[in-house]
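Residue numbers (the numbering used here): 1019 to 1208. Written below as structure tokens is the structure these notes are about.
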């Protein structure tokens, strides 16, 4: 339902033609019905005047239809403009959010690298630091450095234990020959 269907300036006040309301209006309506019937009978008999009223009513209706189409078109253009502005605002909000996220990440990375530099960590080790505050990052860096220290138990245990492995063969023995030609020459032909 359009705006003009809800509010037609020509028909809104047809029922109220100067009456003050109340109970006195009821007899006037009855009188007006009788006079309207008389007027309509006279108008039916007056054909040129009836044609003129019909033409006038048709003209007014055409004018109102034209105004309605113009108003609907204007309403559509206004809605398009509002939607365009809304999408621009949404785009700006998304871009702002993206830039804020990048700035936060850059600040966190900078803080992580500062802590790593103070603690003597490499860049690769700095990437492993976890924390959102400087204190948390320093505590994590200390923990990381502690895990890379050689164990104080003389290499006998712990997670960082290095085993001293030896080869399985005797180092005084000569190595076994693996060349196929030499091995074939060693086989006797009896």
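Even glycine gets a Cβ: it sits at the ideal position worked out from N, Cα and C. From a predicted model like this one, the values you see are computed outputs, not experimental measurements.
Cβ distance (whole Å) where residue i is taken to contact residue j below 8 Å
i	j	result
residue 1164	residue 1133	Contact flag wrong, Cβ pair sits at about 15 Å.
residue 1159	residue 1145	With a Cβ gap of about 12 Å, residue 1159 and residue 1145 do not count as contacting.
residue 1201	residue 1192	At roughly 15 Å, the Cβ-Cβ gap does not stay under 8 Å, so residue 1201 and residue 1192 are not in contact.
Sub-8 Å separation of residue i and residue j beta-carbons
i	j	result
residue 1162	residue 1139	yes
residue 1135	residue 1152	no
Under the three-state DSSP convention, the category residue i falls into
i	result
residue 1133	helix
residue 1187	coil
residue 1193	coil
residue 1077	helix
residue 1094	helix
residue 1072	helix
residue 1064	coil
residue 1126	helix
residue 1084	helix
residue 1205	coil
residue 1103	helix
residue 1109	helix
Output the residue ranges of the alpha helix (DSSP H) runs that lie fully inside the segment 1138-1162 and measure 4 residues or longer, sorted by chain position.
1141-1145
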